[in-house]
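Novice: Heads up, the sequence shown is in the numbering used here, so the first residue is 22 and it goes up one at a time. Cβ atoms here follow ideal geometry from the backbone N, Cα and C, with glycine treated the same way. Given the structure is predicted, the values throughout are model-derived calculations rather than measurements.
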Amino acid sequence: MVFQELQDIKNKKGYMMTAAPYIYFKFLGINSFIKTLDDSDTEYTIFDDKYENLYLKYSSIINKEDTLKTGILSRDGQHVFFTEVGIKITKSYSSYFVYIFDRHPVEDDIEFIINGLESLISENIDRIDPSEIAETFPESKKGGHLIN
Numbered sequence: 022m023v024f025q026e027l028q029d030i031k032n033k034k035g036y037m038m039t040a041a042p043y044i045y046f047k048f049l050g051i052n053s054f055i056k057t058l059d060d061s062d063t064e065y066t067i068f069d070d071k072y073e074n075l076y077l078k079y080s081s082i083i084n085k086e087d088t089l090k091t092g093i094l095s096r097d098g099q100h101v102f103f104t105e106v107g108i109k110i111t112k113s114y115s116s117y118f119v120y121i122f123d124r125h126p127v128e129d130d131i132e133f134i135i136n137g138l139e140s141l142i143s144e145n146i147d148r149i150d151p152s153e154i155a156e157t158f159p160e161s162k163k164g165g166h167l168i169n
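Here it is as structure tokens:
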């Protein structure tokens with residue numbers, strides 16, 4: 022199901038109105054795209070792309086706790102490429118964006134994404150639902166400490 026939805030987006034002509042190198046992006050909150058693929062038993066491959074120079078160049082925007090992962094979904098001879106960006110927002114949680122491409126993203130594409138992150142984070146941070154984070158806590162940890 023995930024693959025078909027992405028393939029439909031890829032096939033939609035003229036979706037992006039800007040010169041962005043990707044054809045679609047989505048803010049996912051604390052839900053990792055890669056974890057969603059795992060949970061739905063969707064086959065994918067993560068590329069061994071290294072972005073150390075981008076981490077150095079954009080250290081004021083991203084750091085080593087943040088993640089940049091690029092991969093591909095393939096089915097029946099069709100391919101959808103993606104980049105997942107995970108930005109650490111608390112000690113235990115990251116906020117995720119996924120970008121969909123019709124080709125293997127190159128370093129310039131990732132640089133374009135990084136340059137737009139600050140504004141995207143500002144636009145989307147209010148959409149993070151604290152109750153979504155709370156649902157991941159074990160029952161014994163909910164409610165905080167009691168004061169006698």
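I'd like the span of the alpha helix (DSSP H) that includes glutamate 173, first residue to last.
Specialist: Outside the shown range of the chain, which is 22 to 169, sits residue 173, and nothing can be said about it.
Novice: Tell me arginine 96's beta-bridge partners as DSSP assigns them.
Specialist: Gln99
Novice: Helix, strand or coil for isoleucine 108? Go by DSSP, reduced to three states.
Specialist: strand
Novice: Using C-beta distances below 6 Å, list every residue in its chain close to lysine 112, excluding the 5 sequence neighbours before and after it, in chain order.
Specialist: Excluding residues within five positions, none has a Cβ falling inside 6 Å.
Novice: Tell me which residue opens and which closes the beta strand (DSSP E) that lysine 56 is part of.
Specialist: First-last for lysine 56: 54 to 60, but that is the alpha helix (DSSP H), not the beta strand (DSSP E).
Novice: Using DSSP with H/G/I as helix, E/B as strand and the rest coil, what is serine 116?
Specialist: strand
Novice: Return the residue from the list Ile134, Ile110, Asp129, Glu128 that minimises the CA-CA distance to valine 119.
Specialist: Ile134
Novice: Skipping 5 residues on each side, what residues in its chain have a beta carbon closer than 7 Å to that of isoleucine 131?
Specialist: Tyr72, Leu75, Leu89, Thr104
Novice: With a threshold of 16 other CB atoms inside 10 Å of the CB of leucine 77, please say whether the residue is buried or exposed.
Specialist: exposed
Novice: What does lysine 90 pair with, by DSSP beta-bridge criteria?
Specialist: Glu105
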